[in-house]
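Chemist: Its first residue numbered 3, the sequence shown is counted upward by one per residue in my numbering.
Starting off with a structure, shown below.
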Amino acid sequence: MKEKGFTLIELMIVVVIIGILAAIAIPNFMSMRSRAKEASLKSNMHTLQLAAEDFSTMSEGAYPRTCATTVSEVLVALGYPTVLTAVKSIAGAVAGLAPQSANNPLLPLAFKNPFLPTVNAWESNAPGAIAGCTYYESLPGTGVAEIAYSIRGYGKDALLVLILTAGQ
């Protein structure tokens, strides 16, 4: 009678092959997740840039000092009379986890930090070191109405090379 089955050598060869495949696939999968999160951060940077440019069209070409500055504040700084209906701002707050819906933000309410959802998605200051955070930094103008801006993003370990500026 002939017995059927696999020998110990055959089983060990299969285990070694599976181990080699896992050693190659797992690091690639982890780096793929990191690249996807950085792509999401770049998307956030472009979304913030679109909100800043949209703000500029409402405020005679000027940009806000922070993400909480309203169109009305900029127009008053430029010498226009107070406009009570011009209450839009980029995000409704200087920094935060999500745009403040009560403050009429131009950013979509789904704007989130792709790396760390429980920390700030954006800040209105010079770039810091919060993974996944998008930084809006205004360039000097009249104090409230600025002439330009730069937008930077902090990836997994460092600032991204991509810098978005006014008029791009």
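For every residue, glycine included, the Cβ atom is placed at its ideal position computed from N, Cα and C.
1) Is the beta carbon of glycine 134 sitting closer than 7 angstroms to the one on proline 116?
2) My output table needs one value for glycine 21: the three-state DSSP class, helix, strand or coil.
3) Pick from Lys158, Leu164, Thr167, Leu162: whose alpha carbon is nearest that of serine 36?
4) Can you check whether the CB of tyrosine 138 is closer than 7 angstroms to the CB of cysteine 69?
5) Identify whether threonine 84 lies in helix, strand or coil by the three-state DSSP scheme.
6) Grouping DSSP H, G and I as helix and E and B as strand, with all else coil, what is lysine 147?
7) Below 7 angstroms between beta carbons: does that hold for leucine 161 and methionine 47?
8) Measure the CB-CB distance between serine 61 and valine 78 and report whether it falls below 7 angstroms.
Modeler: Short version:
1) In the sequence shown, counting from the first residue as 1, residue 134 sits at position 132. In the sequence shown, counting from the first residue as 1, residue 116 sits at position 114. Contact: yes.
2) Here residue 21 refers to the residue found at position 19 when the sequence shown is read from its first residue. Three-state DSSP puts glycine 21 in a helix.
3) Here residue 36 refers to the residue found at position 34 when the sequence shown is read from its first residue. When only C-alpha atoms are compared, the closest one is Lys158.
4) The residue labelled residue 69 in the question sits at position 67 within the sequence shown. The residue labelled residue 138 in the question sits at position 136 within the sequence shown. Yes; because the gap between Cβ atoms is below 7 angstroms, this pair is in contact.
5) By 1-based counting over the sequence shown, the position of residue 84 is 82. It is coil, neither helix nor strand.
6) Within the sequence shown, the letter at position 145 stands for residue 147. In the sequence on display, residue 147 carries alanine and not lysine. Note: alanine 147 maps to strand in three-state DSSP.
7) Counting from 1 along the sequence shown, the entry for residue 161 is found at position 159. Counting from 1 along the sequence shown, the entry for residue 47 is found at position 45. Result no, Cβ atoms of leucine 161 and methionine 47 do not sit closer than 7 angstroms.
8) Within the sequence shown, residue 61 is the residue found at index 59, counting from 1. Within the sequence shown, residue 78 is the residue found at index 76, counting from 1. Their beta carbons are not under 7 angstroms apart, which means serine 61 does not touch valine 78 by this criterion.
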